[in-house]
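Okay, here's the thing in structure tokens:
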């Protein structure tokens, strides 16, 4: 059995960079023993690995990536959750549109549904929006529309190879680790990234991932948690944010009362019954400002976080007011029409 699998199962030593390199070499060559890929994913998904193992994993994947345009997205921001938690509507996707309407360049990564009913890609398809297919395509859409949704090209090829290696088993169930770590597997070189974490047991591992990414790329990374267990910032309960700059961690709280936000409950943010069609209808209603105060304030808080993380402003009240205006004046909804255009799809 490969040393990476043995080490992950025994947990008696970290999986260091050379061992990860060897594992990926064998995966690409088709040389893994039967069941080794499944054992690796199951072990990673059962318990988040330690700092050295996680850093080695991320570095080993970074080494294999294709070259990308330098500084093409230096002013852009990303918002993407680690999955799990209560079944809320697509808050982070709505916040991305609102932030773009505020003048914040947004490149959002995401996936199909793993633990939720509808992932961001599922919703975008229903809305008639095509994710980008390359960095060049992403840059063109961003310049044209102020927002772009990156396709699967940002993820390591090794994820696809692992999925093939474990078939017919479902990697979404066997490899939940891939979804949890997904925000840090996507190679989108933005200025800042805001990531919500729903499960307390994943916080420590994702802190290690955020530390690595911020140090290796210079990206500012925010990890947000709350008592409600949602993987987004919430406008009705306290949120704790860990911020990483060049690998250095700091921490601050976002308290609704101090931001002038009101009360609410998770049920107000629930995924609607009726499938993806109803979810798309609700989503467009939210962007048009036809939503409850709880929904509006939560979406605005996440959009404001993108403006602050991206250093367009340091004033939370100013950012919240700008987000609210973008919902009320129709500019957030207009971004959907821009992205639906043939010019954006084939930029």
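Numbering (my numbering), first residue to last: 2 to 348.
Beta carbons: idealized from backbone N, C-alpha and C, even for Gly.
Query, Result
"Short Cβ contact (8 Å threshold) for residue 43 with residue 162", "no"
"8 Å Cβ cutoff met for residue 129 and residue 341", "yes"
"At least three beta-carbon pairs within less than 8 Å, the region 276-290 to the region 95-107", "yes"
"Segment limits, alpha helix (DSSP H) that includes residue 94", "92-102"
"Inter-residue Cα distance where the pair is residue 61 and residue 147", "32 Å"
"For residue 131, the three-state DSSP class (helix, strand or coil)", "coil"
"Euclidean distance between Cα positions of residue 86 and residue 196", "13 Å"
"Cβ separation of residue 110 and residue 160, assumed to be a contact under 8 Å, to the nearest whole Å", "Actually they are not in contact, since the Cβ atoms of residue 110 and residue 160 sit about 13 Å apart, beyond 8 Å."
"CA nearest to the CA of residue 19, picked from 188, 53, 33", "53"
"Same chain only: Cβ atoms within 6 Å of residue 200, ignoring 5 sequence neighbours per side", "85"
"Buried or exposed by the 16-neighbour rule on C-beta atoms within 10 Å, applied to residue 189", "buried"
"Meets three-Cβ-pair contact criterion under 8 Å: the region 26-44 and the region 262-275", "no"
"Range covered by the beta strand (DSSP E) that runs through residue 196", "193-197"
"Length of the line joining the Cα atoms of residue 74 and residue 140", "7 Å"
"Range of the contiguous alpha helix (DSSP H) that encloses residue 255", "Here residue 255 belongs to no alpha helix (DSSP H); instead the beta strand (DSSP E) covers 249-255."
"When 266, 3, 58 are compared against residue 214, the one with the closest alpha-carbon", "58"
"Inter-residue Cα distance where the pair is residue 261 and residue 237", "10 Å"
"Beta-bridge partners of residue 21, as assigned by DSSP", "According to DSSP, residue 21 bridges with nothing at all."
"Residue 239 at chain C interface by Cβ criterion, 8 Å", "Checking the listed chains, one finds no chain C in this structure; it contains a single protein chain."
"DSSP three-state assignment for residue 262, whether helix, strand or coil", "coil"
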